[in-house]
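The structure appears right after this line, and notes come after that.
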Amino acid sequence: MAEQTTQIAHPLEPFLRKTTIPHIWCPGCGDGTILNSFVTALKELEVNLDKIAVISGIGCIGRIAGYTNTDSFHTTHGRPIPFAVGVKLANPELNVIVISGDGDLFAIGGNHFIHAARRNIGIKVICSNNFNYGMTGGQQGPTTPLASRTATTPFGNIEHPFNLVHLAAASGAVYVARWTTLHVRRMTESIKKAIQKEGFSFIEIVSPCPEIYGKASKIGTAMDFMNWFKKASVIQNFSDPAQAEITAEKIPVGEFVDVEKPTFEKLLREMTAQAQGKVTGGA
Amino acid sequence: MSEKNKAILTGRHFFSGDLACAEGALAAGCRFFGGYPITPATEIAERMARRLPQVGGTYIQMEDEIASIAAVIGASYAGLKAMTATSGPGFSLMQENIGLAVMTEAPCVIVNVMRGGPSTGQPTMAGQQDVMQAKWGSHGDYEIIALTPSTVQEAFDLTIEAFNYAEAYRVPVMIMMDAIVGHMWERVTIPPADQIKIVNRKKPQVPREKYAPFKPDEDLVPPMAVFGDGYHFHATGLTHDEEGRPRTESIKTQQTLVQRLCDKIRKNADKIIQIRETMLDDAEIAVVAYGIEARAAWSAVRKARNAGIKAGLLRLITLWPFPEKQVAEVAKKVKTIVVPEMNYGQLVREVERAAKTTPVTFLSKLGEEPHKPEEILEAIKGGKH
């Protein structure tokens, strides 16, 4: 007896650019989880997709801009933040979201990160931190743990890694959170919060790279990563970001910063109004 | 005073080239400037910092020149006419993202007030040492447009035209202004707003579902949607098809895209290229010069004429696309060509290529001073026999 089948559209389909999918990511990669969380956040917030711009840099996660059904731009390596700054200042009505990797945002693009945070420009930065340069074959990067083996640290990494939430907090971000791809619900909630927040927001997502980093570092498969995240993650909301270093034993997660501070756009608006003579009392 | 009137300061002014350039940008409709302080271009940033807020625009000093050009491309994609201004070291830092602007067809204007290089070189001294970098500085095959003013008035006029070209062809346009023109003060006349020709980028005429962001019209230029207008389009520095989708393994897509990016400039070269001919009709010797050197050359040509030598001047306003045809036509008429430049031999190579068998004499000048008219005159006399 022939059964009747009906095709039901995936509930997240309107948020994805179908023509660019399937994606390029390896099995077990955390980037798909981040994409899922991100578009789920868009769906749950019922935002106007016309006013969302997704900007990415170069690297595995950099392809995410092409997968979201919004205006999107895949920039050069390290430069999604200054590009996003230009978009945001040209049209402050847009919700401008940078999604990129640890190497893109904190090695080649590190200078842009600290200055956008310092200025408190209202862009949101989501970092997929997979501890290495996955796309180029697994080289050491600015978040690779000390002593870890990668393609370019065959005798173990001798560089101290960045503690990204500490860096973001010290640079002036008004919202800072860290989750792993195990914390799908909490990650989604943080993304929703960041999207709604005025000012520079930063979310670090610790993400598995089983095909490349997992092999070199001997962490292992995607399941091994998940088990590590489960075992090592400790929710420490609003604890000192300086103490939130990621180690093999402990991954401090949670919200670390949630404060209010005038945004660059607000100060720019006020200054412009004054310059145009619309406000009395100006010079 | 309306915003437009505030932006266009109709009347006579006494400006430096840098200030004229900033005012030209405002008159052209530039409403975003992202830059980083650098001698001898800083006066452009300072002027924009003061003037943009008055007309509702945005000035931001970025953390470096890489960020400056990235922000300019972002602002362009969000719908504004955008510009940055720099000098040699900053221009070098911008090169990768100039390639991004070419690849994603982001209209934008980059001013390079040229000083002496290489490296930190002579920050306060003028040069014409970046004219080849303007064309070849970023990797891959591409075409851009580069203009060079010889007067302060031209710094104003050409900056407006630079925006018009950028919008018409969706390409980065460079103003290559030697620091002498950038820093010298002359009279500038700013015409009434209705006498200034303004070109704006083509907008898509199709609904969102049918919009292919990199599908060109007959002129090889695709209409450009703006972020926030609901088109939900994607742009990438990767080789991409007309939909904007990465096609990193398609030979055909690479050929089609790269050829179109070059051809939209090459095939429109006759419409783009601007030159000025002086006393060339019966000339036996031509001086080919640009920027401040063209003024010395003009004086030399007049002196030569007074001495009974049939000399003429071909002044290049457009450096890129190179006025190959125009140089070739002059080369056919004259016996010899003299090229004075404030570098150690750059655009002269293009002149030689276009001149074919006509002999070319190159005059090099390094350091602040351009050639004296007498020095060019000597070369003209040397080429006479």
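As given, the protein sequences belong to chains A and B, one line each in that order. Numbering follows the working numbering, with no gaps: position 279 of the first sequence is 525. Numbering follows the working numbering, with no gaps: position 283 of the second sequence is 928. In this text, a Cβ means the ideal position worked out from N, Cα and C, and glycines have one as well.
So if DSSP puts residue i in a beta bridge, which residue, or which two residues, is it bridged to?
i                           : result
valine 452 (chain A)        : A:Asn375, A:Thr426
phenylalanine 832 (chain B) : A small fix is needed here, since residue 832 (chain B) is arginine in this sequence, not phenylalanine. Bridge partners of arginine 832 (chain B): B:Phe659.
histidine 320 (chain A)     : A:Ser302, B:Thr881
leucine 291 (chain A)       : Its beta-bridge partners do not exist; DSSP assigns none.
glycine 827 (chain B)       : Per DSSP, none; premise fails for glycine 827 (chain B).
tyrosine 704 (chain B)      : B:Phe678
valine 1005 (chain B)       : B:Ile982
glutamate 965 (chain B)     : The question names glutamate, yet the displayed sequence has tryptophan at residue 965 (chain B). Partner(s): B:Ala791.
methionine 759 (chain B)    : B:Asp823
aspartate 504 (chain A)     : A:Tyr421
Taking C-beta pairs closer than 7 Å, name the residues in chain B that residue i reaches, listed in chain order.
i                        : result
methionine 517 (chain A) : Pro698
leucine 258 (chain A)    : Result: empty, since nearest Cβ-Cβ is about 15 Å, beyond 7 Å.
alanine 299 (chain A)    : Phe872
In its own chain, which residues sit with a C-beta less than 7 Å from the C-beta of residue i, not counting the 5 before and 5 after it?
i                        : result
alanine 529 (chain A)    : For alanine 529 (chain A), the predicted structure reports a pLDDT of 37, less than 50, and the residue's modelled location is therefore unreliable. The matter cannot be settled from this model.
arginine 921 (chain B)   : Arg960, Ile962
glycine 953 (chain B)    : none
glycine 662 (chain B)    : Pro794, Val797, Ala800, Met822, Val826, Gly827, His828, Met829
proline 257 (chain A)    : none
alanine 667 (chain B)    : Ile689, Arg692, Met693, Arg696
isoleucine 918 (chain B) : Thr963, Pro966, Pro968, Gln971
tyrosine 856 (chain B)   : Pro849, Ala870, Tyr876, Phe878
histidine 269 (chain A)  : Gly278, Arg309, Tyr313
Give the single residue among the options whose Cα lies nearest to the Cα of residue i.
i                           : options                                  : result
alanine 807 (chain B)       : B:Glu831, B:Pro685, B:Arg846             : B:Arg846
alanine 336 (chain A)       : B:Met739, B:Ala715, B:Met748, B:Ile743   : B:Ala715
phenylalanine 471 (chain A) : A:Tyr421, A:Val293, A:Glu457             : A:Glu457
aspartate 926 (chain B)     : B:Arg950, B:Lys855, B:Ile910, B:Gln767   : B:Arg950
glycine 355 (chain A)       : A:Asn376, A:Gly460, A:His323, A:Ile343   : A:His323
threonine 306 (chain A)     : A:Arg263, A:Gly347, A:Gly368, A:Thr286   : It is cysteine, not threonine, that sits at residue 306 (chain A) in the sequence shown. Nearest option by C-alpha distance: A:Gly347.
alanine 416 (chain A)       : A:Arg364, A:Pro338, A:His320             : A:Arg364
lysine 461 (chain A)        : A:Thr265, A:Gly274, A:Pro268             : A:Gly274
glutamine 840 (chain B)     : B:Lys848, B:Ala939, B:Leu654             : B:Leu654
proline 1004 (chain B)      : B:Glu986, B:Pro1015, B:Glu1013, B:Ile982 : B:Ile982
lysine 916 (chain B)        : B:Thr769, B:Thr1002, B:Lys860, B:Pro966  : B:Pro966
isoleucine 820 (chain B)    : B:Met869, B:Lys848, B:Val776, B:Ile910   : B:Val776
leucine 351 (chain A)       : A:Glu339, A:Phe377, A:Ser436, A:Leu340   : A:Phe377
alanine 414 (chain A)       : A:Ala362, A:Phe401, A:Lys334             : A:Ala362
glycine 384 (chain A)       : A:Ile254, A:Lys438, A:Pro400             : A:Pro400
glycine 380 (chain A)       : A:Arg432, A:Gly402, A:Ile304, A:Glu435   : A:Ile304
glycine 882 (chain B)       : B:Gly744, B:Arg940, B:Gly766             : B:Gly744
Which residues in chain B have a C-beta closer than 8 Å to the C-beta of residue i? List them in chain order.
i                      : result
arginine 263 (chain A) : His877, His879
Could you work out which residues of chain B lie near residue i, taking near to mean beta carbons separated by less than 9 Å?
i                       : result
aspartate 296 (chain A) : Gly873, Asp874, Gly875, Tyr876, His877
glutamine 522 (chain A) : Glu648, Lys651, Pro698, Gln699, Val700, Gly701
For a contact defined as C-beta to C-beta under 9 Å, what are the partners of residue i on chain A?
i                       : result
glutamate 741 (chain B) : Thr322, His323, Arg325
glutamate 888 (chain B) : Thr265, Thr266
For residue i, which residues in the same chain have their Cβ closer than 6 Å to its Cβ, ignoring the five residues on either side in sequence?
i                        : result
cysteine 675 (chain B)   : Lys726, Met728
alanine 813 (chain B)    : Val844
isoleucine 372 (chain A) : Ile345, Ile449
alanine 723 (chain B)    : Phe872
alanine 423 (chain A)    : Ser436, Ile449, Glu501
Cβ closer than 7 Å: which chain A residues qualify as neighbours of residue i?
i                     : result
leucine 745 (chain B) : Thr321, Thr322
glycine 679 (chain B) : Gly332
Among the residues of its own chain, which have a CB less than 8 Å from the CB of residue i, if the five just before and after it don't count?
i                        : result
histidine 877 (chain B)  : Arg853
glutamine 899 (chain B)  : Thr884, Arg892
lysine 507 (chain A)     : Asn366, Gly418, Val420, Gly445
histidine 1030 (chain B) : Its pLDDT being 46, under 50, histidine 1030 (chain B) is placed unreliably by the model, and the measurement read from it follows with that caveat. The answer is none, since no qualifying residue turns up.
threonine 526 (chain A)  : Confidence in threonine 526 (chain A) is poor, its pLDDT being 49 and thus under 50, which makes the residue's placement too unreliable to answer from.
Counting only Cβ pairs nearer than 8 Å, list the residues of chain A close to residue i.
i                     : result
alanine 720 (chain B) : Gly332, Val333, Leu335, Ala336
alanine 716 (chain B) : Pro328, Phe329, Val331, Gly332, Leu335
proline 891 (chain B) : Thr266, Arg309, Gly312, His320
glycine 656 (chain B) : By Cβ distance, chain A contributes nothing, its closest Cβ being about 20 Å from glycine 656 (chain B), past 8 Å.
glycine 724 (chain B) : Ala336, Asn337
leucine 883 (chain B) : His320
Please confirm whether any heavy atom of the ligand COA lies closer than 7 Å to the CB of residue i.
i                       : result
histidine 828 (chain B) : The ligand COA is absent from the structure shown, which contains no ligands of any kind.
Can you list, in chain order, the residues of the segment 314-340 of chain A whose Cβ is nearer than 7 Å to any Cβ on chain B? Asn315, Thr316, Asp317, Ser318, Phe319, His320, Thr321, Thr322, Arg325, Pro328, Phe329, Ala330, Val331, Gly332, Val333, Leu335, Ala336, Asn337, Glu339, Leu340
Compile a chain-ordered list of the residues in the segment 264-295 of chain A whose CB is closer than 8 Å to at least one CB of chain B. Thr265, Thr266, Leu295
Check: When you check each C-beta in the segment 356-371 of chain A against every C-beta of chain B, which residues fall closer than 7 Å?
Finding: Asn357, His358, His361
- prompt: Given a limit of 7 Å on CB to CB distance, which residues of the segment 690-714 of chain B reach chain A?
  reply: Pro698, Gln699, Gly701, Thr703, Ile705, Met707, Glu708, Asp709, Ile711, Ala712
query = What are the residues of the segment 373-395 of chain A that lie near chain B, defined by any Cβ-Cβ distance shorter than 9 Å?
reply = none
Inset, instruction - Quick one: which residues of the segment 393-419 of chain A get their C-beta closer than 7 Å to a C-beta of chain B? List them in chain order. - result: none
| query | Between the segment 504-515 of chain A and chain B, which residues of the former have CB atoms less than 9 Å from a CB of the latter, in chain order? | reply | Phe510, Leu514
Report task. Check each residue of the segment 758-785 of chain B: if its Cβ is closer than 8 Å to any Cβ of chain A, include it; give the result in chain order. Result -> none
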